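To keep things clear, I will list the structure first and then write my remarks on it.
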Amino acid sequence: MTDQIERLETASSRLDIDPGNGAVIRSFHIRKEGAWTAALAPSRPSGQPDPTKSACFVMLPWCNRLSAGGVFGANGLHPIAPNWPTTPFPVHGIGWLSAWSVSHRTSKTLSLRLSHDAADPYAFDASMNFSLHPAGFDLVVKIMNTGDHRLPFGIGFHPYFPRSPDLRLMFAARHVALFDDRGLPFPMAPVAKELDFSRGAALGGKALSALYSDAPTVYIEDATTGFRCRLSSRGCAGTQIWAPEAEPYFCVEPVSHLVDDFSYRESSRGHMLSPGGVVKASLSISSD
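In this note's numbering, the protein residues as written are 2 to 289.
Here's what the structure looks like:
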């Protein structure tokens, strides 16, 4: 892997992307009143490439953890080896740990490609297309199944946002699932009052790990800095809010399938791609 950073820039926005190390976003800044403000939490020092210390990474061809140790395809369970030292389960897919290549770029756009043919069990071609505009950026991700088997495919986005005691979130969702200490979800249930952000509520410094159904648009407001932004997604079935206690960041993660769906035969069926099939999802982050 390499450390060549690709910068997209306008007069009021700046996006740094690291194709060679998982195609992660290293930083995203917006210029307000002459000063640059971090709209995503900048990469944290790690001493070596680490997507979990970046500003954002993409999850594909599956999202989050697989408690079955693999995915259910048309021919049964396909084992996948654990791929990250802090969990015994395969997590977050393949793209975040791969070197992507640049296929096209301008001052405000960047297209990346990844071909994975290890058949472990996945074989696919994936693309990321970044477009920067004065107030934010758009990211479109596509995957094509280039293998010989029908398998479930998914896409997720894992941006990190700066956090302060005066941070507020607003989004609408009908159901929510909390997580156990293994990072696996309990069954979905109607949103309880203490987990309801539909009219806006403080996140502050409290710990939260919850998967919400729907929630295609999330509004973020930081009263300390006056910063506001809107996150919106397409092609996603839910949004996970992950706010670890005592950390200076939190995450809003749109995902095309619910966490651990591919570990079960029934819930993986709706996400199957035949050879040559394509799945697509997109993320937009804009500052108000």
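Cβ atoms here follow ideal geometry from the backbone N, Cα and C, with glycine treated the same way. No experiment lies behind these values; they were computed from the predicted model shown.
Hey, residue i and residue j: beta-carbon distance below 7 Å or not?
i    : j    : result
S214 : A174 : yes
V142 : A282 : yes
E222 : R169 : yes
G155 : W85  : no
S269 : F90  : no
N130 : S108 : no
S210 : A238 : no
T240 : A203 : no
D17  : S28  : yes
L284 : F162 : no
D121 : M145 : no
A288 : A40  : The question names Ala, yet the displayed sequence has Ser at residue 288. Their beta carbons are under 7 Å apart, which means S288 touches A40 by this criterion.
P153 : M273 : yes
N65  : V260 : yes
Pull up the DSSP beta-bridge partners for residue i, would you.
i    : result
H117 : F125
M60  : G157
G74  : G77
V177 : A190 and Y213
S14  : I31
I6   : In DSSP, I6 forms no bridge with anything.
N65  : Note: N65 sits in no beta bridge, so no partner.
C230 : I221 and S288
D139 : S132 and S285
W37  : R32
C252 : Y161 and W243
R183 : BP columns for R183 are empty, so no partner.
R235 : S283
A203 : R169
Going by CA-CA distance only, name the one from the options that's closest to residue i.
i    : options                   : result
F187 : L212, L170 and G148       : L212
V192 : H176, P153 and F198       : H176
W37  : T226, E248, G277 and F172 : T226
G205 : A224, P166 and S199       : P166
F172 : G184, P160, L67 and G201  : G201
G35  : V103, S104, A12 and H258  : A12
L232 : E267, P160, L196 and G271 : P160
S104 : A120, E7 and R183         : E7
S234 : A247, V253 and F228       : V253
I81  : G70, H93 and A75          : G70
F138 : H30, G271, S264 and D4    : H30
F251 : R114, S55, P153 and A178  : S55
G277 : P46, P43, K194 and A124   : A124
P50  : L179, Q5, D197 and L259   : Q5
P255 : A75, G236, A247 and Y220  : G236
Given this structure, state the Cα-to-Cα distance separating residue i from residue j, to the nearest angstrom.
i    : j    : result
S116 : W101 : 8 Å
G148 : K33  : 47 Å
D181 : A190 : 15 Å
R15  : G77  : 45 Å
S275 : L140 : 25 Å
P52  : N22  : 8 Å
L9   : P83  : 34 Å
W243 : A208 : 8 Å
D262 : L67  : 8 Å
E267 : R151 : 14 Å
I286 : L133 : 10 Å
R183 : T88  : 8 Å
A178 : L185 : 10 Å
E246 : A75  : 40 Å
P43  : R229 : 17 Å
When you compare the region 59 to 66 with the region 94 to 113, are there three or more beta-carbon pairs, one atom per stretch, that lie closer than 8 Å?
Yes, the region 59 to 66 touches the region 94 to 113.
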